[in-house]
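Reading through the structure tokens given below for one structure.
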Amino acid sequence: GYSLASADWDADGVDDLAVGAPYSNAGRLASRTTGRSLPDAGLVFIYYGPLKESIVRGEHRLANGDEGGHFGMALLCPGDLDKDGFPDLVVGAPDDGHGKVFVYNGSPDGIKTRPSQVLVGEQFLLAGAAAGSRFGFSLSGGHDLDDNGCPDLLVGAVAASQAVFFRSAPVLRLEGGIQFSPRVVPLGSDSCMEGMLLSVSQVFRNREVYTCFELHIALQYNSSVFSQAIEVELSMTVDERYHFSRALFVETNTTRLKKLYSLQHVMMDPVIAKLPVYLLEDRPSLAEHLEATLSVEYLRSPALPEDSIQPILHNTDFTAPARLTCKDKDKCVSRSDLKLRVNNTKLVIGSGRHAIRMTVEVKEARAHQVTLVIEHPALLKFSHSSGVSLKCSQAPTTELWVTLHCNLATTLSISLQELTLYFDHMPLRLLEAVTREPDYAPVITFAVSSDTTDYDPTDNNATVTITPVVKHPLVISGISVPEQIRAFTNESLTFEEVLSLITEGKNESVTAFGPPVAHTYTFLNLGPTPLLHEQLVVEWPLHHEFNRQLLPVLYITEITTTGPVVCTGPPANARNLILEAQQTEGDEGRGEEDEAGESLEEDDIDYRNMTEQNQTNTSSQHELLRRRRDATFPSEQLRGQQRSVPAIDCELIQCTLYTCNLTDLNAGRSATVTISSRLVLATIHTDTEQRYMVVSSRASVAGSSNRTTVNSHVTIIPPPKGALGLLSGHWWLLSVALLIGLLVLLLLAIVLYKCGFFRREKRQHLQQLRASRSMRESQYVTELTKQEEQERQQQYVLEQLGQAEPYLQQEDPQLQQQVPQQVSMQEGLSEEEQQVWQHMYMQGQQQHVD
1 GYSLASADWD
11 ADGVDDLAVG
21 APYSNAGRLA
31 SRTTGRSLPD
41 AGLVFIYYGP
51 LKESIVRGEH
61 RLANGDEGGH
71 FGMALLCPGD
81 LDKDGFPDLV
91 VGAPDDGHGK
101 VFVYNGSPDG
111 IKTRPSQVLV
121 GEQFLLAGAA
131 AGSRFGFSLS
141 GGHDLDDNGC
151 PDLLVGAVAA
161 SQAVFFRSAP
171 VLRLEGGIQF
181 SPRVVPLGSD
191 SCMEGMLLSV
201 SQVFRNREVY
211 TCFELHIALQ
221 YNSSVFSQAI
231 EVELSMTVDE
241 RYHFSRALFV
251 ETNTTRLKKL
261 YSLQHVMMDP
271 VIAKLPVYLL
281 EDRPSLAEHL
291 EATLSVEYLR
301 SPALPEDSIQ
311 PILHNTDFTA
321 PARLTCKDKD
331 KCVSRSDLKL
341 RVNNTKLVIG
351 SGRHAIRMTV
361 EVKEARAHQV
371 TLVIEHPALL
381 KFSHSSGVSL
391 KCSQAPTTEL
401 WVTLHCNLAT
411 TLSISLQELT
421 LYFDHMPLRL
431 LEAVTREPDY
441 APVITFAVSS
451 DTTDYDPTDN
461 NATVTITPVV
471 KHPLVISGIS
481 VPEQIRAFTN
491 ESLTFEEVLS
501 LITEGKNESV
511 TAFGPPVAHT
521 YTFLNLGPTP
531 LLHEQLVVEW
541 PLHHEFNRQL
551 LPVLYITEIT
561 TTGPVVCTGP
571 PANARNLILE
581 AQQTEGDEGR
591 GEEDEAGESL
601 EEDDIDYRNM
611 TEQNQTNTSS
621 QHELLRRRRD
631 ATFPSEQLRG
641 QQRSVPAIDC
651 ELIQCTLYTC
661 NLTDLNAGRS
671 ATVTISSRLV
681 LATIHTDTEQ
691 RYMVVSSRAS
701 VAGSSNRTTV
711 NSHVTIIPPP
721 KGALGLLSGH
731 WWLLSVALLI
741 GLLVLLLLAI
751 VLYKCGFFRR
761 EKRQHLQQLR
771 ASRSMRESQY
781 VTELTKQEEQ
791 ERQQQYVLEQ
801 LGQAEPYLQQ
811 EDPQLQQQVP
821 QQVSMQEGLS
831 EEEQQVWQHM
841 YMQGQQQHVD
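This is the structure we're talking about:
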């Protein structure tokens with residue numbers, strides 16, 4: 001009794017009562033899911049007023065609240081919101097999220113238990129309203145505030161200090177419907193009119209007889225508060241329940257049609273439309289009725305302003321059935337003869353989707369609907385089809401089998417339907433099944449049927465046995481890093497030192513053995529089938545027997561793998577020698593190869609004519625060719641004799657075996673095994689005095705001829721002739737010499753420092769030096785200027801002397817006597833100046849005589 005509301009919701013003339021119980025522990029989920037009660041969900045109890053002449057109704061409940069929602073805290077009878085003649089009820093649940101308001105419509109049977117509308121507070125409250133706004137805590141209504149003839153509603157949200165005003169829209173109830181004319185369509189009769197037949201024959205020119213009928217539509221609306229014309233869109237369909245339609249609209253030649261109409265109030269004339277429809281004669285199927293549907297969508301009302309509330313349409317969907325009949329059933333009922341033929345190829349595991357081609361033949365008459373049933377193992381998965389469209393649905397399956405029901409789209413004018421079905425498979429699971437059972441072959445069954453009688457159903461089934469093929473050729477390749485090895489005998493242990501290390505177990509650095517070398521084997525699965533398991537064998541030249549002592553040839557320092565491969569065999573660094581970082585990168589390998597090439601050119605040895613051959617076992621469709629290095633050198637230019645390169649391999653010395661298990665190698669993937677080692681130069685140099693040799697290892701697939709060989713070409717470089725070799729193998733002497741040099745350099749630096757070599761001059765002294773330098777530069781410029789002036793004077797005197805010389809040679813006694821006298825008067829002149837002065841005097845006297 002927390003809230004109360006009263007109205008005649010069943011319109012029987014007696015008021016009814018609604019009682020709110022917002023703290024009730026029962027809710028809408030109590031009996032639908034877990035069965036448990038929901039605390040404070042809320043209930044609303046409806047009590048109908050008794051009639052004297054009717055049976056008293058029992059208690060009626062409304063439950064739509066969530067836990068803690070307090071459904072029924074506010075109740076309101078706003079009047080007849082939808083104007084259907086029955087009052088409505090509004091219920092508030094303020095603590096259901098931000099709050100909710102439920103609208104229930106009245107009816108002749110009382111309040112409907114499902115709300116016609118739910119107003120959610122989050123959608124209408126202003127931005128910024130926090131959770132717990134308690135939308136629906138208070139309700140008010142029953143008044144037409146916008147004057148459209150419908151009562152409006154006001155909802156309060158007390159915690160948000162807001163109130164939301166809802167305007168009610170006019171509800172228009174459609175009256176009328178849709179129906180076939182005639183309702184029983186006779187097949188086989190030429191009922192198409194001349195204009196109608198012309199439109200049909202434009203698409204189906206090969207048909208001569210059609211069955212035509214009409215689809216009649218009559219519509220108008222009813223409302224007590226609205227009477228203006230409205231624009232609507234009518235959407236019609238005919239016979240769309242089946243995958244293959246039998247009836248089509250003449251206007252569109254399809255099963256769908258849309259048209260625009262203007263609907264009027266019931267006080268005006270209704271909209272009446274007659275739409276011609278025709279039936280395809282070769283697909284009658286009398287057992288299935290025709291069905292037409294009509295959907296009405298409101299567009300607008302031209303008489304209403306744009307900002308006004310638009311009306312709402314009620315009951316907008318209509319349907320109409322039609323029954324087919326035929327007097328002569330032998331002529332108008334389709335009875336087809338189906339035939340199924342399937343072609344299959346072998347399935348290469350891992351090759352992708354497997355295609356199965358089939359042909360479905362429809363004889364005598366077209367089948368209305370063709371169904372294809374496919375049953376296949378769970379190891380396969382149906383992907384799609386090509387050629388003909390399929391719509392498949394999966395039936396209940398088991399762990400081993402899958403059943404599909406597919407509708408096959410047949411074409412009217414084609415009796416042979418060719419299609420291709422594509423199946424995916426899981427390579428690993430299928431390969432495991434084949435490994436367990438070598439004769440395993442998946443089986444797929446096909447069955448085709450139709451909804452018409454088949455003349456001969458014995459040819460409607462087919463069985464396909466798929467033969468799986470395993471194809472995973474394994475290619476083995478190898479490389480030596482570096483491929484060309486230069487070994488200096490004076491940089492490695494001697495034979496006696498190696499023998500002492502082996503017998504006495506000394507702890508020596510592994511670098512003293514000789515240069516590093518690594519052999520890398522790559523195992524590639526060309527596919528397409530994954531490789532589950534394969535055993536590989538690597539043969540490594542580990543020891544060489546000398547005087548009953550096993551001396552190492554290639555001392556293994558590390559074994560590394562990549563990919564799904566695991567190797568077992570003798571451990572690396574068996575004598576626990578001191579390991580150092582081995583420089584076996586590709587760039588350094590190439591550098592060593594270049595250096596080796598230069599050394600060989602000096603010795604007139606040509607490696608370019610050497611080839612390498614790695615033999616591998618190949619399939620009939622794939623053949624791998626590798627280069628082979630020839631183990632024979634060309635003749636020497638100086639000696640003119642033939643010389644061969646000795647090979648150190650597993651046929652000559654004792655080899656150790658490494659067994660590698662390769663598992664789960666997918667197609668196109670590879671695994672590698674790398675054995676890093678040190679070439680023991682003392683062992684191979686003692687065994688042979690040759691300067692050039694080949695050290696080889698080999699890898700193969702167990703139990704097959706698929707193998708490859710990796711060669712490392714060794715060039716042994718002895719110390720230069722006449723060299724004392726004092727530093728051979730004694731690197732510590734170089735270190736001591738370097739240290740002594742550094743000490744001498746340090747001592748020299750100290751002496752120079754004491755002598756003031758590294759001292760910087762003071763600033764005052766530097767300024768004096770700059771001033772003295774400027775003074776010397778000025779004096780030099782002055783002296784240079786004076787010297788240039790004297791040189792110009794001397795040049796002038798010499799020129800004048802050259803002009804006076806002819807006059808001095810004349811025989812004028814008088815002048816000759818006077819000149820000495822005048823010259824003597826000019827004392828202090830040099831000899832050249834006196835000559836010039838004499839010339840000038842004589843020239844003046846001559847002018848005077850003239």
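Just so you know, we're using the UniProt record's numbering here: the sequence shown kicks off at 1 and counts up by one. Ideal Cβ positions, reconstructed from N, Cα and C, are used throughout, including at glycine.
- With respect to A699, V538 sits close: the two C-beta atoms are nearer than 8 Å.
- Here I716 is actually not in contact with P541; their C-beta atoms are around 17 Å apart, not less than 8 Å.
- Taken in chain order, the whole beta strand (DSSP E) runs of length 3 or more contained in the segment 269 to 319 are 271 to 279, 290 to 300 and 312 to 314.
- CA-CA distance, D454 to S181, rounds to 32 Å.
- Linking A11 to F86 through their CA atoms gives a straight-line distance of about 6 Å.
- Sequence-distant partners of L379 (beyond 5 residues in either direction) whose C-beta falls short of 7 Å from its own C-beta, in its chain, are H425, M426, R429, L430, A433 and P442.
- In the structure shown, the three-state DSSP call for I750 is helix.
- Of the candidates A159, A273 and Y48, the residue whose Cα lies closest to the Cα of I217 is A273.
- Along the segment 641 to 675, the beta strand (DSSP E) occurs as fully enclosed runs of 3 or more residues at 654 to 665, listed in sequence order.
- Secondary structure at G177: strand, using DSSP grouped into helix, strand and coil.
- Taking C-beta atoms as the reference points, M236 and L215 count as a pair closer than 8 Å.
- Taking C-beta separations shorter than 7 Å and ignoring five residues to either side along the sequence, the partners of P718 in its chain run T489, following chain order.
- Contact between the segment 114 to 121 and the segment 141 to 150 is absent: fewer than three C-beta pairs spanning the two stretches fall below 8 Å.
- F166: member of the beta strand (DSSP E) spanning Q162 to F166, first to last residue.
- Three or more Cβ pairs closer than 8 Å define a contact, and the segment 663 to 671 meets that threshold against the segment 520 to 528.
- By the C-beta density criterion, H472 is buried, having at least 16 other C-beta atoms within 10 angstroms.
- The way I'd put it, the segment 151 to 162 doesn't touch the segment 290 to 306; fewer than three beta-carbon pairs between them come closer than 8 Å.
- Leaving aside the five residues that flank D80 on each side, the residues in its chain whose CB is nearer than 6 Å to its CB run, in chain order, P87.
- Around the beta carbon of R134, 16 or more other beta carbons sit within 10 angstroms, so the residue counts as buried.
- In the DSSP annotation of this structure, the continuous segment of the beta strand (DSSP E) that includes T211 starts and ends at T211 to N222.
- P530 is classed as buried because its beta carbon has at least 16 other beta carbons within 10 Å across all chains shown.
- Inclusion of S712 and S477 in the CB contact set at 8 Å is not warranted, their separation being larger than that value.
- Between the C-alpha atoms of V566 and T465 there is a straight-line separation of about 38 Å.
- Taking the Cα of L62 as reference, the smallest distance to any Cα among A21, H98 and A749 is reached at A21.
- A433: member of the alpha helix (DSSP H) spanning P427 to R436, first to last residue.
- Looking at the backbone, the Cα of L89 and that of G136 are separated by about 13 Å.
- DSSP, read as helix, strand or coil, puts R698 in strand.
- V470 and V348 have their C-alpha atoms roughly 6 Å apart.
- The Cβ atoms of R678 and P516 lie closer than 8 Å to each other.
- Less than 8 Å separates the beta-carbon of L248 from that of V277.
- Look at Y796 here: in three-state DSSP terms it is helix.
- For the pair A131 and H98, the CB atoms are nearer than the 8 Å cut-off.
- P186 sits in a strand when the DSSP states are folded into three classes.
- Judged by DSSP in its simplified three-state form, I740 adopts helix.
- Shown here, G514 sits in coil according to DSSP, grouped into three states, outside any helix or strand.
- L400 has its alpha-carbon roughly 20 Å from the corresponding atom of L372.
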